[in-house]
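Quick note: the sequence shown, position 176, residue 320 per my numbering, numbers continuous.
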Amino acid sequence: MSKSVKKQTTVAIGIDIGGTGIKGGIVNLTTGKLIGDRVRIDTPQPATPAAVAEVVSQIVAELSALDDAPAPDSPVGVTFPAIIHHGVARSAANVDKSWIGTDVDSLLTARLGRPVHVMNDADAAGLAEVRYGAGKGVDGTVLVITLGTGIGSALIHNGVLIPNIELGHLEIDSAVAESKASASARERDDLSWDEYAERLQRFFSHVEFLMSPNLFVIGGGISKRADDYLPKLSINTPIVTASSKNNAGIVGSALQSLISEQLAK
Ligand code: BGC
């Protein structure tokens, strides 16, 4: 009995829906680490709600069959790369437009037959970083910025997440910031690291002026190449790379699933 109670409260499944892959894992919520390997399936194309729900269900089924899986009726956390308001997708900058207005919580809850809590992908990464990673114990405002296909952002103040802060959609010099300074913009425009650093400089110094954070944490795949551009940035705020690299979305969404479940009670 005590074993299963412990499992239910400290272990949860998190799923990270991305443009190219959908990844899931079982998370130990005490340590913020994955238990065992993560499961990844290519994002179906077109990535319609029904097709994505099918893949999420396959991943959850695979994880649920493992020894360390949480109880079959326990909540599942899911990230999605768009504004998520009360479980409903309200934007679709880099995903299939049919997601706009989709109640992702209800869709996945019905498909999986267990409670699902969906959140913005950068918010999930932010939550993971302040709970277990580079932002742990930092007072005041932490901004987690993910550089990928778009630019995601998470605002956390004294450990509390303020969701759906879309700093990647700030208009700077008449352009949407992520169209200039995301990792995909660097590839698209074939920029050198110096050129990319200039674009990041414009973005980070503007955000620094607007938000006065205590810490910037950089996430996304390109955080692995931070030595190539971070030393070139000149801002007053400390700026570090994320600790949980590829799994931040899985970890943060797993954590949020339990928090949401508690709040709903
Ligand atoms: C979306 C955000 C998302 C970010 C990273 C942006 O285009 O608007 O909601 O967090 O991309 O995926």
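A virtual CB, placed ideally from N, CA and C, is assigned to each residue, including glycine.
Closest to threonine 164 by C-alpha separation, out of Leu256, Gly294, Gly158, Arg275, would be which residue?
The shortest Cα separation from threonine 164 among Leu256, Gly294, Gly158, Arg275 belongs to Gly294.
Which two residues bound the contiguous beta strand (DSSP E) that contains valine 384?
Note, valine 384: beta strand (DSSP E), 383-385.
Using 8 Å as the cut-off, can you tell me whether the segment 228-239 makes contact with the segment 344-360, which would need three or more C-beta pairs spanning the two stretches below that distance?
At 8 Å Cβ cutoff, the stretches do not touch.
Hey, leucine 305 and aspartate 249 are a contact pair by Cβ (cut 8 Å); roughly how many whole angstroms apart?
17 Å between Cβ atoms; not a contact.
In chain order, what residues of the same chain lie with their CB nearer than 7 Å to the CB of serine 242, ignoring the 5 residues before and after it?
Once the five neighbours on either side are set aside, the close Cβ partners of serine 242 are Thr192, Pro193.
Taking only the alpha-carbon atoms, compute the straight-line gap between alanine 215 and isoleucine 157 and give it to the nearest angstrom.
Answer to the nearest angstrom: the Cα atoms are 10 Å apart.
Please give the ranges of any alpha helix (DSSP H) in the segment 147-218, keeping only runs that are unbroken, at least 4 residues long and fully inside the region.
List check, alpha helix (DSSP H) in window: 193-208.
Should glycine 396 be counted as a contact of the ligand BGC given a C-beta to heavy atom distance under 8 Å?
No, since every heavy atom of the ligand BGC falls outside the 8 Å radius drawn around the Cβ of glycine 396.
Spell out a yes or no on whether the segment 332-352 and the segment 277-284 are touching, meaning 3 or more CB-CB pairs, one atom from each, closer than 8 Å.
The answer is no - the segment 277-284 does not touch the segment 332-352, with fewer than three Cβ pairs under 8 Å.
Taking a contact to mean a Cβ-Cβ separation below 9 Å, would you say leucine 411 touches valine 286 in this structure?
With the chain represented from 145 up to 409, any question about residue 411 goes unanswered, as that position is not in the structure.
Use the C-beta contact count for aspartate 160: other C-beta atoms within 10 angstroms, 16 or more gives buried, fewer gives exposed.
By the neighbour-count rule (16 or more Cβ atoms within 10 Å), aspartate 160 is buried.
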